[in-house]
Amino acid sequence: GEYKGYFNPTEHVKEESCQQWFGSDNPWDVMTMNGIRDGNSQSWDAMISYARSNNLADPAAYAELCKKLDVVCFIDYLIIRLWPNDWDWPQNNWSAACERSETGQWKFFVWDAEGTFESSQLQLDRFAELNTQANGNGYLYRALKANKDFRLLFADRLYRHFFNGGALTQENVSRRFMELRDELRSVIPNMSTYIVDSW
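If you want the numbering used here, it's the 1-based position in the sequence shown plus 7.
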């Protein structure tokens, strides 16, 4: 009869947390789906404007944007949003941050991913939204996909994560799922294994 429950504390993406995560003493600009959270939007606005007004098929233009955006981080972020098909994204539930320095690059972070792994969406993806919506995720993706090096890097990151022991292989996803299920067994004894059985 003893009540058992779990808290799932989640740290907001803020200047202080980015300074700690990345060992930085510099100020940070933090952008979310609701607008600027910390700092200002000058660097963000400049990056989005550059992506929307330049043809990134041009290697020089692509290289210039890569100075402003951590492209590997962005691709990994896209993969982890697209694969479980979050219905509440890309227009919502995202944040990005950039150290305000000469070498600062915008990094994207997942926020609030409960709209994922739904059985009704096994055959769906969010590319239609990425290709049409007026938000930072969409603007950057549409600009970047024009570049062959970006497309190859995207393929390389998919290969890294989904093959040869990568983080998103069935073996690793199943192992992590079972670890979490075992931790929650006293609270949810009959937790569905649909994600590892079907997804």
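Note that CB positions come from ideal geometry on N, CA and C, so glycine has one too.
Predicted, not measured: the structure shown is a model, and the values here were computed from it.
Pairwise C-alpha distance: residue j and residue i
{"i": "ASP163", "j": "VAL180", "result": "19 Å"}
{"i": "GLY8", "j": "PRO196", "result": "14 Å"}
{"i": "SER60", "j": "PHE134", "result": "21 Å"}
{"i": "ARG107", "j": "ASN138", "result": "29 Å"}
{"i": "VAL37", "j": "GLY30", "result": "16 Å"}
{"i": "ASN41", "j": "ASN99", "result": "8 Å"}
{"i": "LEU147", "j": "SER193", "result": "44 Å"}
{"i": "MET198", "j": "ARG188", "result": "7 Å"}
{"i": "ASP204", "j": "THR39", "result": "34 Å"}
{"i": "LEU2", "j": "GLY143", "result": "The chain is shown from 8 up to 206; residue 2 falls before or after that span and cannot be answered."}
{"i": "ALA53", "j": "LEU160", "result": "24 Å"}
{"i": "ALA58", "j": "VAL79", "result": "16 Å"}
{"i": "ALA67", "j": "TYR13", "result": "50 Å"}
{"i": "SER48", "j": "LEU76", "result": "14 Å"}
{"i": "SER50", "j": "ASP156", "result": "24 Å"}
{"i": "TRP206", "j": "ALA120", "result": "16 Å"}
{"i": "TYR213", "j": "TYR69", "result": "Nothing can be reported for residue 213, as the shown portion of the chain is limited to 8 through 206."}
{"i": "GLN140", "j": "LEU191", "result": "37 Å"}
Residue i CB to nearest heavy atom of the ligand FAD below 7 Å
{"i": "GLY8", "result": "As presented, the structure is devoid of all ligands, the ligand FAD included, so that no description of it is given."}
Where residue i sits in the DSSP three-state scheme
{"i": "ILE86", "result": "helix"}
{"i": "PHE29", "result": "coil"}
{"i": "ALA120", "result": "coil"}
{"i": "LEU175", "result": "coil"}
{"i": "LYS74", "result": "helix"}
{"i": "GLY42", "result": "strand"}
{"i": "PHE115", "result": "strand"}
{"i": "TYR148", "result": "helix"}
{"i": "GLN98", "result": "coil"}
{"i": "ASP189", "result": "helix"}
{"i": "PHE184", "result": "helix"}
Terminal residues of the alpha helix (DSSP H) in which residue i lies
{"i": "TRP51", "result": "49-60"}
{"i": "GLU18", "result": "Per DSSP, GLU18 belongs to no alpha helix (DSSP H) and is neither H nor E."}
{"i": "ALA135", "result": "134-137"}
Residue i and residue j closer than 8 Å at C-beta
{"i": "THR176", "j": "PHE170", "result": "yes"}
{"i": "GLY122", "j": "TRP94", "result": "yes"}
{"i": "VAL20", "j": "ALA150", "result": "no"}
{"i": "GLU22", "j": "GLY46", "result": "yes"}
{"i": "TRP113", "j": "SER102", "result": "no"}
{"i": "ILE86", "j": "LEU165", "result": "yes"}
{"i": "PHE81", "j": "ILE202", "result": "no"}
{"i": "TRP35", "j": "GLN27", "result": "no"}
Beta strand (DSSP E) segment containing residue i, residue limits
{"i": "ILE202", "result": "Premise fails: ILE202 lies in the alpha helix (DSSP H), 201-205, not in any beta strand (DSSP E)."}
{"i": "ALA153", "result": "Looking at the DSSP string, ALA153 is not in any beta strand (DSSP E), and its letter there is neither H nor E."}
{"i": "VAL37", "result": "35-39"}
{"i": "GLU106", "result": "101-106"}
Cβ of residue i within 8 Å of any chain D Cβ
{"i": "LEU129", "result": "As a matter of chain content, chain D is missing from the structure shown, which is built from one protein chain."}
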